[in-house]
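Worksheet: one structure, shown below.
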């Protein structure tokens with residue numbers, strides 16, 4: 001197969017968190033946040049985002065095994081797609097187990113072993129995957145309010161949320177390059193980025 005126009009689609013950011021509860025990696029519902037960007041021409045051959053886990057018992061709703069794929073019809077040049085993928089971890093996975101979640105860009109048919117015989121398949125994008133490692137029993141790397149997802153909630157997050165408000169940022173994010181920052185800034189989960197999120201963030205910082 002010849003390299004398709006989707007060669008330069010790649011994963012740009014990845015993190016994980018719980019939206020409710022103690023934000024500890026366990027058998028509660030968790031969210032994997034991923035952004036994917038197209039630095040090349042228009043891709044019209046069904047681009048996708050594939051997630052894999054290296055530990056059995058890590059499951060996504062669309063698959064019963066350790067793999068999940070989000071598909072789109074196309075992806076324009078210089079465009080960004082955002083995915084919020086729900087996953088769970090089996091209660092039988094022992095504490096202190098490290099789980100690596102890997103996100104990679106694919107296109108429809110590129111994983112077909114019979115590619116040379118399939119006139120409709122193409123090579124996978126040439127970009128590198130991105131991974132994140134979480135440990136059962138430890139905290140997730142991100143949480144609501146950690147808007148710049150650096151692992152700490154402080155004045156920098158307040159500045160970022162205020163900036164989003166002043167720029168009339170819409171929610172939910174779909175194709176913004178800073179989609180994960182927007183997602184993490186909706187602290188009260190009311191689908192708006194506004195002064196209420198700032199008030200809640202200040203309270204969290206002052207009363208850890």
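Numbering (UniProt numbering), first residue to last: 1 to 208.
By construction, the Cβ of each residue, glycine as well, lies at the ideal position given by its N, Cα and C atoms.
The C-beta of residue 34 has 16 or more other C-beta atoms within 10 Å across all chains shown, which makes the residue buried.
Rounded to the nearest angstrom, the gap between the Cα atoms of residue 27 and residue 51 is 18 angstroms. Under the criterion of beta carbons closer than 8 angstroms, residue 69 and residue 101 do not qualify as touching, at roughly 14 angstroms.
A straight line joining the alpha-carbon of residue 25 with that of residue 131 spans about 16 angstroms. A residue is called buried when at least 16 other Cβ atoms come within 10 angstroms of its Cβ; residue 42 does not meet this threshold and is exposed. A Cβ-Cβ distance of about 6 angstroms is found for the pair residue 133 and residue 98, placing them in contact under the 8 angstroms criterion. When C-alpha distances from residue 95 are compared across 138, 146 and 20, the shortest belongs to 138. Per DSSP, the unbroken alpha helix (DSSP H) holding residue 179 starts and ends at 179-185.
It is roughly 23 angstroms from the alpha-carbon of residue 110 to the alpha-carbon of residue 59. Rounded to whole angstroms, residue 36 and residue 53 show a C-alpha spacing of 18 angstroms.
Leaving aside the five residues that flank residue 71 on each side, the residues in its chain whose CB is nearer than 6 angstroms to its CB run, in chain order, 46 and 48.
When secondary structure is reduced to three states using DSSP, residue 101 falls in the strand class.
Rounded to the nearest whole angstrom, the C-alpha separation of residue 88 and residue 7 is 31 angstroms. Going by C-alpha positions, residue 146 is about 14 angstroms away from residue 193. The beta carbon of residue 15 is closer than 7 angstroms to those of 33, 132, 141, 142, 149 and 180 in its chain, skipping five residues each way along the sequence.
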